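Asks: These protein sequence lines are chains G and F, in that order. Just so you know, we're using my numbering here: the first sequence kicks off at 1 and counts up by one. Just so you know, we're using my numbering here: the second sequence kicks off at 1 and counts up by one. Every residue, glycine too, gets a C-beta built ideally from N, C-alpha and C. Fair warning: this is a prediction, and the values are worked out from it, not measured in the lab.
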Amino acid sequence: MSQGQIAEALLSSRKALVREPEKFLAREKSEAEGGCGVIGFASSVQIGGRHLLQALSQMRNRGNNKGGGIAAAGLLPEEFAVTKEVLENDYLQAIAYLDESVRSELESRFIGATFEVDHVYRVPTVEDFKSIPGLELRPPEVYLYFVRPRAGLVKEFRERHRLEGAPADMVEDEFVYQNSHRLNQSFYGADKNRAFVLSHGKNLLVLKMVGYGDDVVRYYKLEDIHAHVWIGHHRYPTKGRVWHPGGAHPFVGLNEALVHNGDFANYSSICEYLAQRNIYPLFQTDTEVSALVFDLHHRIYNYPLEYVIESLAHTTERDFVLLPRDKRRIYEMIQKTHIHGSPDGPWFFLIAQSLRKENAFRLIGITDTSMLRPQVFALQEGSASIGFAASEKQAIDATLESLAAHDPRFWGRADSYWNARGGSHSDGGAFTFTVQPNGNGATLFCADKFGRRISVNGAKKTHFEMTPQSASSQSSSGGNGFNLKKDGFLAGELFQDVTGKLATWTYNDFTGFLENVEVSALDTKDAGSAVELLTLLMDRHYPTGGLRRSSLLSLVDQSFARLVQFMKQGYFESCVYISHNGSLTSLDGLRSRSIDEQQTVVIDARGFPQEGNDSVAMNIVRLHQEGVRRFMAVHARGHRFIGTGFGPETHGVRIDVYGSSGDYLASGIDGAEIVVHGNAQDQLAQIMKDGTLVVHGDVGQAFMYGAKGGKAFVLGNAAGRPLINAVGKPRVVINGTCLDYLAESFMAGDALNNGGFVIVNGITFCKGALKGDEDGDFAELDEPYPGGNLFSLASGGAIYFRDPHEKISIDQLNGGEFAELTERDWATVKPYLVKNEKLFGIPLKRLLTVNGEELHPSRVYRKIRPSQHHALQAEEAWVTNDMDNDVTL
Amino acid sequence: MEIDNKTIEQLITEKHTIALRRGFSVWPRGEFGKPPALGDFRWTADLILSTWIQAETGKPPTNGLEYRVGASGGGFDVLDFKFLPEDQWITNGNLIDTSISLNGRPYDKKIKISVPWYGGGMSYGSISDHVMLSRVRAAKEWGTYTSSGEGGYPDTIVPYKDNIITQVATGLFGVREQTIQYAPIIELKYAQGAKPGLGGHLLADKSTASVAKIRESVPWVSLFSPFPFHSVYSVEDHKKHLDWIKTINPAALLCVKVSTPTDVDMVAVGSFYAGAHILNIDGSYGSTGAAPEIAKKNIAMPVEYAIPKVHKYLVSEGIRDELIVMASGGIRTAYDIAKAIALGADGCVLGTTELVAIGCTRCSNCERGRGCPFGLTTTDPELSQLVDPDWGMRRISSVYQSFQFQLKDILRRLGLTSIRELRGRSDLLLYNKQHPSNDKYKMKKVSKPEEELRVEESVTDSVVE
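1. In chain order, what residues of the same chain have a beta carbon less than 6 Å from the beta carbon of Ala904 (chain G), not counting five sequence neighbours either side?
2. Taking the beta strand (DSSP E) that Thr632 (chain G) belongs to, which residues open and close that run?
3. Secondary structure at Gly149 (chain F), three-state DSSP: helix, strand or coil?
4. What number of angstroms, rounded off, separates the C-alpha of Glu854 (chain G) from the C-alpha of Asp663 (chain G)?
5. When you compare the region 322-338 of chain G with the region 224-236 of chain G, are there three or more beta-carbon pairs, one atom per stretch, that lie closer than 8 Å?
6. Just to confirm before moving on: does the CB-CB distance between Glu322 (chain F) and Gly104 (chain F) stay below 8 Å?
7. Let me know the secondary structure DSSP gives Pro866 (chain G) once reduced to three states.
8. Looking only at its own chain, which residues have a Cβ that is under 7 Å from the Cβ of Ala96 (chain G), when we skip the five neighbours before and after it?
9. Name the chain F residues whose beta carbon is nearer than 9 Å to that of Gly439 (chain G)?
10. Rounded C-beta distance between Ile70 (chain G) and Gly213 (chain G)? I'm assuming under 8 Å.
11. Are the C-beta of Lys486 (chain F) and some C-beta of chain G separated by less than 8 Å?
12. Note down, in chain order, all residues in the region 229-260 of chain F with a beta-carbon under 7 Å from any beta-carbon belonging to chain G.
13. Taking only beta-carbon positions, decide if Ser287 (chain F) is within less than 8 Å of chain G.
14. Using a Cβ cut-off of 8 Å (strictly closer), state whether Gln178 (chain F) contacts chain G.
15. Taking three-plus beta-carbon pairs below 8 Å as touching, is the region 46-53 of chain G in contact with the region 310-327 of chain G?
16. State yes or no: is the C-beta of Val210 (chain G) within less than 8 Å of the C-beta of Trp243 (chain G)?
17. Is the CB-CB distance between Lys189 (chain F) and Lys239 (chain F) below 8 Å?
18. Could you work out which residues of chain G lie near Phe83 (chain F), taking near to mean beta carbons separated by less than 8 Å?
19. Beta carbons nearer than 8 Å to chain G: which residues of the region 195-224 of chain F have them?
20. Could you have a look at Arg325 (chain G) and say whether DSSP puts it in helix, strand or coil?
21. Determine, for Gly668 (chain G), whether the minimum Cβ-Cβ distance to residues of chain F falls below 8 Å.
22. Would you say Gly149 (chain F) faces chain G, with C-beta separation under 8 Å as the test?
23. Between Ala702 (chain G) and chain F, is any beta-carbon pair separated by less than 8 Å?
24. From which residue to which residue does the beta strand (DSSP E) around Gly691 (chain G) run?
25. Just to confirm my understanding: we take Phe157 (chain G), look at its own chain, exclude 5 residues before and 5 after, and list those with CB closer than 6 Å. What are they?
26. Taking 6 Å as the limit between beta carbons, can you name the residues of its chain near Tyr313 (chain F), skipping five residues before and five after?
27. Just the C-alpha distance for Ile165 (chain F) and Gly424 (chain F), rounded to the nearest angstrom, thanks.
28. So Gly668 (chain G) and Thr644 (chain G) are in contact, right, with Cβ under 8 Å, and what is the actual spacing, rounded?
29. Please confirm whether Gly671 (chain G) and Asp698 (chain G) have their CB atoms less than 8 Å apart.
30. Hey, Ala794 (chain G) and Gly815 (chain G): beta-carbon distance below 8 Å or not?
31. Per the DSSP calculation, Pro437 (chain G) is bridged to which residue(s)?
32. What residue range is occupied by the uninterrupted alpha helix (DSSP H) comprising Trp244 (chain F)?
33. Quick check: the region 819-834 of chain G against the region 744-761 of chain G, are at least 3 beta-carbon pairs closer than 8 Å?
34. Which bits of chain G does Gln401 (chain F) rub up against, with CB to CB less than 7 Å?
35. Specify the secondary structure class of Thr432 (chain G) as computed by DSSP and reduced to three states.
36. Name, please, each residue of chain F whose Cβ falls closer than 7 Å to the Cβ of Glu673 (chain G).
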């Protein structure tokens, strides 16, 4: 039998599955939802479910307690009291009982009658669900059945549906799928919600309920259940008063579990597409049909993963044109055939796969073509490796922090963090993390949609591999002879000194040096220089010799955390430490005494809520009203809105943010200076009016949307849609690039006459495919701007691209045109590049050097300006000459 | 057609003679001698004229003009009230309360408005600051609000900020922390009923130097507001967006303005959970000169369907009293307001009505820089002189007075003492397809009764929509 005949026979075998197909053709989703918080990780070692807890609880503001779920693939047999053979070879039927009285009936009709049962396991739960705060509904009882389909029935199934030529595993898979479909029809539906199948693939488990995702871990006691691949999800459904766990994510096809953040516009069309193939969803949500489409393409059509991804997220526009010819041919066929099954709208999928044939497990993250949902990927490679895909970087960091605290093979910083460019020719907008067990251990293989491997420089050992005793062990050498003077040090000088010596240092030298820095701070009772030095070590890129950058950074983080601890203990007069432990006492006390203007208020964000009246942001506003001008927000964990709410005219205020800052940072500032030490999140600096924002890393979606002015300096990339609808005079330097839609509808006057502009340098410290920085040096990106939409519909301002090889082409512009870079242009932008050098250590001279030769700026930078010349209507022409105003026309 | 022995054209000329007496020195000469249009089936000549009479007298007309309904043959125009027999009417009109609260949540500031409406968003740029001043002064006099629209605050209206709703729309024009902190209510405009799926659009002609200055954009360039908010692609983004506004102005009430898609009930519930105090559902009859013809009335659900859908859903979710629902999109008369409330809204938002009060004839020339013959939808320095802010305020205020008078009369005849008792009382409404107003405009059924009404003869020579 050919692939096509098998697929046809499998699909036609489903005709008998539903009696009245019309009933299943839902025109509308039963429940609408948009938002969600997702995280997934895949690791070469099996990881306990507890490491989902912190990440999910920090993302609770992306859910609403109406649906949470997890998926785990690559389990440990002993944790379910089965043998390795049973776990690997048996189908794992996970059945949720909302009404346990149906169990014996269900078991006899759908388990005992169809399967040989090797083992039954009741998933243990906490005794009283009400002991978990916020849980309103009793979660379902879950039984796991480790089963093999009865051979006679499979044989009959094969004969009845003329599947004689199909491989045995495909027939068995389909048999299991249809059994579950019938089970769900019998026990779950509009009038009855008694039981349903959570998952039924081999070595794959899904658990879900009404509540938050982290409560699933707590209720089913998954803290110490181990798996290679985990996915966690919070749901945010909005319609319907009664929620059922059946609507929560993940949803399964057969060998995969899928969670989703987003909302489709074409749910009905996808249902039709599936119905044409005899597939009928039962739970009426976007996510279920996504899982069904994935299962159809992957299992029934047997498409390679790349084509499955293509059929979900099409490659379009310029990206399509840039594909190799043979890919274009196949992609075009896929698009023509499966356009109706392709979800339209904002979405981000995380998929956990259990690949029995390949004996592997996989995490897949796919973003939609337009990149409308937040998504971050990360990779840490060492003696154990782990890859992530999540809604927010802070969730990834939370997991790493949790792992690092329990497991010496992990540390607090990933080697690399990146965003996918949806539907692109460059990375395909999707990444996979495949865990392949081999003998005693397993390997982790990260690749993009096209199967190209992404790996950090694994040659460098991590600090744990090099110093097995402890990273913070005493070093008698005191940092390779660094004995800091009793009266302190100058951070800038010491930084130069140290980074010059790193090439010959061991981790012990480095930790010893950091200890000396801490001791010096305590001796001099001044944290200033130490904070400055550690900050430089965090922010800057420098050669790290034989040491792994992410390891060094995580050691710097630890040292910084100790300094904060000293601040808390009151060692330094120059700062006032504030924390939050359920009440505002430490703040209230503060208000009664005056704070010296020179003092820095250090806010330990950990105890503060991420938003709302009690948030870090609101407390900073209140302290500002008390006269405080200098802030440090430390240990940020997705805290939102930092720097907003001050109102007009806030020159002289400075906020330094450490940790994983949250969305909407600096949105609205009018004079303040905000420095983010690390990557930043989405929606930064919206409607910014004046002031300075410095980000020592990447920024997320919709950066500076509707900004009116101010200066912003970004060391890394901006994700999609930076500077959309910006007006006035924003001046921005982006040293990396943007995913797409840079400066759409930009309206920032005349760049040379008090208007706004963006300088894009198109450089990276991560050479090669998303590798981590190891030599502290930068290189040109392959393309200074990979997107197809640049400066679209812009009517004002300008973009200055560092593009010495003229790689940006006219077809990327829609409303812009190239113009010569004049002396006036250079005089306007140069001061920003000088400041850029000061902030990030990116020498202007280096930027002007191409292939070893320093060139005239006009040969390195290209100007793009609006091409639109609007012809005035006769009746308005006189007004332009008549107006008494100061706008230059 | 004649009223008081005067033709419509005579009435128009008379109106302009009175209303625009200050403006004739700057009146465009020659071809603008008379208004180019007077209404359509939704805003009939009767409605426009009676709104002008109300703007002058503060009372509904007594000369036979139909001031309660239009002649569209559908929607509010075929709804009537089931009034009680006269002997059961409430005699003392003073006891009747027309006020509503704009905050049903147990927390945050309580804001009450004396009449169940406020002014909808019209930006500086779409209208002149004189028109904005007229609107906000009337709002101040009546203890209600008017929305800033998406174009920032001209200096002249800043002193009235306590009666202004700052609109944050998708272009974020003129939106700064300062303007968000000005206002007691912040309106997040996600969509507009006249053109769902499209953002605001100020054509180049109207983006004058002074408009561009406030928006900080380039003059004489068309300004597009994107659709949707680039920072909001899901309901959890929506909540975050509202949280952001709350961080900037913690005391503000939050209003979410949306159009009326088929799942508007879901939008309502989502907005409730996102933290909105007010949901403004904007139906498809709403008017904007700048909306493309293909969008107008062709996309969103008519508001009279959307209101009960939202109302019932919120009731079934048990959150109806916590979310204030304001209806807009073609609310023209006091009767429309009462019907919208009976269908389930708390109150209404008025836009075009206020422009008609100060002279709009619905000629639909709003998108041109010097297109508005009455100086309303223009920031042209000469044309905007046609509207004197105090004159405009008096006229809008008089319409408010007449509307309140009529609402009290309606409540009195229904035996209700408060407008709040009317909410959701669709049982008090009667569907009347043979509404007399249709006859007046000479619309009649063609052979088959189920077929749509057909226009036999149009009343104006320029039906624009």
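Replies: On the basis of the data shown:
1. Beyond the ends of chain G as shown, which are 1 and 889, falls residue 904 (chain G); an answer cannot be given.
2. The identity of residue 632 (chain G) in the sequence shown is Met, whereas the question assumes Thr. Run containing Met632 (chain G): 630-639, per the beta strand (DSSP E) assignment.
3. coil
4. 39 Å
5. no
6. yes
7. strand
8. Pro140, Val142, Ala195, Phe196, Leu198, Pro245
9. Chain F residues near Gly439 (chain G): none, gap ~44 Å exceeds 9 Å.
10. Their Cβ separation, rounded to whole angstroms, is 6 Å, which keeps Ile70 (chain G) and Gly213 (chain G) in contact under 8 Å.
11. The displayed coordinates of chain F run from 1 to 465. Any statement about residue 486 (chain F) would go beyond what the structure contains.
12. His230, Ser231, Tyr233, Ser234, Val235, Glu236, Asp237, Lys240, Asp243, Trp244, Thr247, Ile248, Pro250
13. no
14. yes
15. no
16. yes
17. Between Lys189 (chain F) and Lys239 (chain F), the C-beta gap is not smaller than 8 Å, which leaves the two residues out of contact.
18. Within 8 Å Cβ-Cβ: nothing; Phe83 (chain F) doesn't reach chain G, min ~36 Å.
19. Result list: Ala204, Asp205, Thr208, Ala209, Ser210, Ala212, Lys213, Arg215, Glu216, Ser217, Val218, Pro219, Trp220, Val221, Ser222, Leu223, Phe224.
20. helix
21. Chain F contact via Cβ: present.
22. Judged by the 8 Å Cβ criterion, Gly149 (chain F) is not in contact with chain G.
23. yes
24. 690-695
25. Phe175
26. Asp265
27. Ile165 (chain F) and Gly424 (chain F) have their C-alpha atoms spaced approximately 26 Å apart.
28. About 5 Å; that satisfies the 8 Å criterion.
29. no
30. yes
31. G:Ala442
32. 235-248
33. yes
34. Close partners of Gln401 (chain F) in chain G (Cβ separation under 7 Å) are lacking, with about 37 Å as the shortest Cβ gap.
35. Residue state, collapsed to three classes: strand.
36. The premise fails here: Glu673 (chain G) is roughly 16 Å from chain F at the closest Cβ pair, so nothing lies under 7 Å.
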